[in-house]
Amino acid sequence: MLQRTTDFDPIETAEWREAFESVVAQHGPERARFLLDQLVVMAHRSQIGWSPELVTPYANTIPVQAQQAYPGDLAIEEKLASLMRWNALAMVARANAAYGELGGHIASYASAADLFEVGFNHFFHARNPDHGGDLVFFQPHSAPGVYARAYLEGRLSDQDLAHYRQELTAPAQGARGLSSYPHPWLMPDFWQFPTGSMGLGPISSIYHARFMRYLTHRQLQDCSGRKVWGVFGDGEMDEPESMSALTLASREKLDNLVWVVNCNLQRLDGPVRGNGRIIDELEKLFRGAGWNVIKLVWGSDWDGLFARDHSQALLHTFANTVDGQMQTFAAKDGRFNRDSFFGQSPELAQLAQGLSDEQIDRLKRGGHDLVKIHAAYAAAAQHSGQPTVILAHTKKGYGMGQAGQGKMTTHSQKKLDDDALLTFRNRFNLPLSDEQTTNLAFYKPPKDSPEMQYLQARRASLGGYLPQRQTQATALPVPALSSYAGFALQADQKEMSTTMAFVRMLGQLLKDPLLGPRIVPIVADEARTFGMANLFKQVGIYSSVGQKYEPEDIGSVLSYREAMDGQILEEGISEAGAIASWTAAATSYSVHGLAMLPFYIYYSMFGFQRVGDAIWAAADQRARGFLLGATSGRTTLGGEGLQHQDGSSHLVAATIPNCKAYDPAFAGEMAVIIDQGMREMVYEQQDVFYYVTLMNENYAQPNLPEGVNHSILRGCYRLQGPSAALPQDAPRVSLMGSGAILVEVLKAADRLAEQGIASDVFSVTSWSELARDGQRQEREALAGRKAEVPFVLQQLSMGHGPIVAATDYVRAVPESVRAFLPQGRRYICLGTDGFGRSDTRAALRRFFEVDTASVVNAARIALGLKP
Ligand SMILES: Cc1ncc(C[n+]2csc(CCOP(=O)(O)OP(=O)(O)O)c2C)c(N)n1
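Per our numbering, residue -9 is the first one in the sequence shown, and the count goes up by one each step.
Following this line, the structure appears as structure tokens:
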């Protein structure tokens, strides 16, 4: 907004202006800022109802005179960018010409190409022995552009490009298929950060930047001099995750973080803010959140127009032009824009005099001008004390002409007709014959051509190619189980909850001289709930500024201690933030070459259910770490009711291929699982992560039987056989139980024995591992290969008669093993389907029919006895 009210005394206004200009001219900007600050204080004091606008005029933040000389060869860089535009376009169009179903995007990269290229040529530093490397998050549907660059660099072949989105068919042609979006799971030596689900890239980039500070402050690795760059969409900024950690970034002064928001004003269906201006909206939002904001709105051709525009007609007009209209200007030609834009006032028409229609057509937006982009990136890179966002104004489908530039439908355009292709070739001066163009031939200049040499030299000076995912990290030894979990293995019927046991183990592990410092405990404001307050004192809570206050509880053994080298990441009430934080730590082995081991403990309901997509992305990123779903179980968390009682997380966990999920009943079982998880993740360096549910119910913890460790890890073991007091021919059932419900099952076994019924009790530690094993064996058999007997079948064969399974999760969880049980034995599943509610555990277990009496009843019915 340029002015708030009508100017009724222009002479007075002019005097104020002149006074201000003379201060700037004579005493410089610092003095000017000082005076303005004074005026602001006065304005607040006199309560005139004024505070400065957060939005600046619709123009570049960096004035022309502050631009550095361009350090590169503009002609060559533009030529290279044009080639990448072409190869990216050809890649998508070819895939869709062959198979219309493959999809892909042309218009997004067309808008982002220059933003990427300035980064690649001048800023994005690769990791090599001398430099830890920058982290770069790419807009997902611009992936073809990143492949197009890797092709010119010689990292991908013609054949690879020809197999975009054909990961399965490619190998038969001697090619590697290229994944649709950045997926480290699918291209583990290439992509580092999955961004395909909008909003997760932005929040993840913030927590990665913060984690680099954490590593530095804890003196584990010096990450100074490294940056996190993220190119995101303006539509993407609508996702709550994109926005939710902005203040964390500014509070933590993350000047190692630069976001470039590609403001092409469009999203998939239409304009992002047809009736407003997204750049202004984002400017206010980011500035309000404490970020350094750089508007990159107009290209260099506009500099002269602004300089001649003494009446500020351009700024007035922009202030009254909404994005929907701006998009129409992008979609139309110079003739139209002369009439419709410059025709709006005599002042504008005068500015356009001397410009041909073609020149008007080619007036660039800031995000397409290498010089302006460089100036913005350089300013962002040098800025200290705040994260920076660059709001880069671009055109969606830039250069696609009538076929797509600024069109409502451009996002989904995957094909261009011959005329459109030839126009594109001419527009970007591509060295292609008509035939090559209409055949969508990929183009790579000879190796010794100046442009290829330039391209290689630029990357060499920035440390190598990027993106490039690395995996070397020194393996960490895991201490002996007995050294930290003896109390759990030999629990001697002591009463405790598995949560208490876990926290005690964690406290011990943190003391291990080698592994301890690499552990990252993460909580989302529930450390006290889980009994972890003692860790505040023991290892401290990470704070980038230490502790500037005397805590209320100073002197107490559990006092709240924040420290620069604190180890706990206390994320506050943000599960989205905490899981992003966990992901940063869990991928440190790859991103930083330093294995870290995060334990994120949270209310189990607020994990897979609340941030399931973020966990899916972490799985894609090959995270290694522990997720601990605490206060778990629909009936075990008695009083909290419908939105807290988790009955489904194990169902979702089972769908993530590299997630191993366990629901142990006993502290000893849990210890064995944690031990194995640590071994697999930090010692053997497997790309798996563990989900373990923990309960808050106190009950007697038995000693772990001898020789069951292997079975615990595979998913179940026989905990006890039939009572010796019963006759050999007594009716017999098998009872399976997991988590806290195993305790009900054990009581049911006693009750049944009193009724003359024998039982074998199986402790199920992981339904999903049992089901996976069964499915694996079945696939082997179907493929005509030798299959083993499913593990659950092997185990159950130790018992006889019908089988009753009971869990604190929905029935679908135990149902998942039905196909792999011994034949001819009836299988009844008891679970907690339905909405949770508040009451005592006993009442809830009665209600959901997973209590002792329900197990007894199911066993009798299965045996054909009266209830
Ligand atoms: C969570 C999520 N929702 C929806 C989509 C589908 N989608 C992919 S790209 C896109 C539009 C992106 O618009 P914008 O962020 O403005 O980027 P542009 O392509 O315009 O540069 C949408 C809705 C997605 N990938 N992720």
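We put the CB at the ideal spot given by N, CA and C, even for glycine.
None of these values were measured; they are calculated from a predicted model.
| Item | Value |
| --- | --- |
| Beta strand (DSSP E) segment containing Asn282, residue limits | Asn282 to Leu286 |
| Stretch pair the segment 629 to 643 + the segment 730 to 739: three plus CB contacts closer than 8 Å | no |
| Under the three-state DSSP convention, the category Val312 falls into | coil |
| Cβ neighbour criterion (16 or more within 10 Å) applied to Arg75 | buried |
| Cross-strand partners of Ser724 (DSSP beta bridge) | Asp750 and Ile793 |
| Exposed unless 16 or more other CB atoms sit within 10 angstroms - verdict on Tyr539 | exposed |
| Nonlocal neighbours in the same chain, by C-beta distance under 7 Å from Val735, ignoring five residues either side | Leu725, Gly727, Val751, Ala796 and Val845 |
| Ser169 classed as buried or exposed, judged by whether at least 16 other C-beta atoms fall within 10 angstroms | buried |
| Val30: CB within 7 Å of a non-hydrogen atom of ligand 1 | no |
| Any non-hydrogen atom of ligand 1 within 7 Å of Asn688 CB | no |
| Straight-line Cα distance separating Phe825 from Gln666 | 34 Å |
| Start-to-end residues for the beta strand (DSSP E) that takes in Gln691 | Tyr689 to Gln691 |
| Meets three-Cβ-pair contact criterion under 8 Å: the segment 796 to 807 and the segment 755 to 766 | yes |
| For Pro435 and Lys404, the rounded distance between their alpha carbons | 25 Å |
| Backbone secondary structure at Leu236 - three-state DSSP | helix |
| Residues sharing a beta bridge with Lys484, DSSP | Gln691 |
| Unbroken beta strand (DSSP E) run spanning Gln710, endpoints | Cys706 to Gln710 |
| Stretch pair the segment 501 to 511 + the segment 584 to 591: three plus CB contacts closer than 8 Å | yes |
| CB-CB length for Leu853 against Pro792, believed under 8 Å | 6 Å |
| Bridge partners - Ile512, DSSP secondary structure assignment | Leu559 and Tyr590 |
| Check whether Leu411 and Glu68 have beta carbons under 8 Å apart | no |
| Contained alpha helix (DSSP H) runs [length at least 4] in the segment 180 to 257, N- to C-terminal order | 190 to 207, 230 to 234 and 236 to 241 |
| Local conformation of Pro0 per DSSP, three classes | helix |
| Alpha-carbon spacing of Arg864 relative to Ser622, whole angstroms | Look at the range of the chain in this structure, -9 to 857, and you will see that residue 864 is not part of it. |
| Per-residue burial, Arg769 [other beta carbons within 10 Å of its own, 16 or more giving buried] | exposed |
| Alpha helix (DSSP H) runs wholly inside the segment 773 to 839, at least 4 long, in chain order | 781 to 786, 802 to 805 and 831 to 838 |
| Cβ-heavy atom distance, Leu772 to ligand 1, below 7 Å | no |
| Beta-carbon spacing of Leu548, Lys527 below 8 Å | yes |
| The beta strand (DSSP E) enclosing Leu381, as first and last residue numbers | Thr378 to His383 |
| Cα-Cα separation between Tyr60 and His358, rounded to whole angstroms | 15 Å |
| CB contact flag (Leu479, Gly497, <8 Å) | no |
| Straight-line gap, Thr625 to Ala475 (C-alpha atoms, nearest Å) | 27 Å |
| Cβ-Cβ separation, Glu778 to Gln767 (assumed contact under 8 Å), whole Å | 6 Å |
| Ser41 to Tyr171 span [Cα, whole Å] | 44 Å |
| Collapsed DSSP secondary structure at Gln(-7) in the structure displayed | Only weak support is given to the placement of Gln(-7): the predicted model assigns it a pLDDT of 49, under 50, and the question is left unresolved by the model. |
| Through-space distance from Pro47 to Leu(-8), alpha-carbon basis | Annotation note: pLDDT 44 at Leu(-8) (below 50); position unreliable, coordinate value reported separately. The alpha-carbon atoms of Leu(-8) and Pro47 are separated by roughly 7 Å. |
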